[in-house]
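Mind the numbering: the sequence shown is residues 10 to 154 in my numbering, read in order. Here the structure is laid out as structure tokens; the discussion comes afterwards.
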Amino acid sequence: MWCGVSDIAVRCKLFVLIMMMSNSCFAHVAKVFISFSMPEMSIRQWLQQAEKVHAQVYLRGFVDNSFKKTINQATLVIKDNSQGFLLDPKEFERYKIEKVPAVVFVDDNQESITVYGDVGLLPAAQLAATRAESKAAKEVIEKLT
10 MWCGVSDIAV
20 RCKLFVLIMM
30 MSNSCFAHVA
40 KVFISFSMPE
50 MSIRQWLQQA
60 EKVHAQVYLR
70 GFVDNSFKKT
80 INQATLVIKD
90 NSQGFLLDPK
100 EFERYKIEKV
110 PAVVFVDDNQ
120 ESITVYGDVG
130 LLPAAQLAAT
140 RAESKAAKEV
150 IEKLT
């Protein structure tokens, strides 16, 4: 057995967070793309910021193609009352995400703008709002300020 009984409850909660985030009732105007190759503190900050605006957070896939390793890594970065993430390589393909972190702001008409770099959600939204008049980015700015 790879974990104790108390660990199973935590890991099951993380599994539910990972698998159920797409069923959220909130509009997702921002999508954050991360990787466990990023610094742990950076991942935590992106998760916290994304939670404030109900943005979905995506990973391309499992750590070393292992569900167990992915859950172990998630345990390190996801805290109680913190948002989880989705494992969805198709979203990476859809928005042509080749490097992380990246934030995609999606407007009602499905047009999008992508901002790359570990700058934080507010600066990314400000850049997108300035460069592309992104309504989605402006909504994120309103929620964060």
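Ideal placement from N, C-alpha and C gives every residue a C-beta, glycine not left out.
Residue range 121 to 125 is occupied by the beta strand (DSSP E) that includes residue 121. About 16 Å separates the Cβ atoms of residue 55 and residue 38, ruling out a contact at the 8 Å cut-off. Within the stretch 34 to 86, the complete beta strand (DSSP E) segments of 3 residues or longer fall at 39 to 42 and 65 to 68, listed in chain order.
Per DSSP, reduced to three states, the secondary structure at residue 114 is strand. Here residue 154 is exposed. Its C-beta has fewer than 16 other C-beta atoms within 10 Å.
A residue is called buried once 16 or more other Cβ atoms fall within 10 Å of its Cβ, and residue 132, having fewer, is exposed. Rounded to the nearest whole angstrom, the C-alpha separation of residue 123 and residue 152 is 19 Å. By the neighbour-count criterion, in which 16 or more other beta carbons inside 10 Å mark a residue as buried, residue 85 falls on the exposed side. Annotated as distal: residue 98 and residue 43, with beta-carbon spacing of 8 Å or more. Contact between residue 41 and residue 112 holds: CB atoms are separated by about 5 Å, below the 8 Å threshold.
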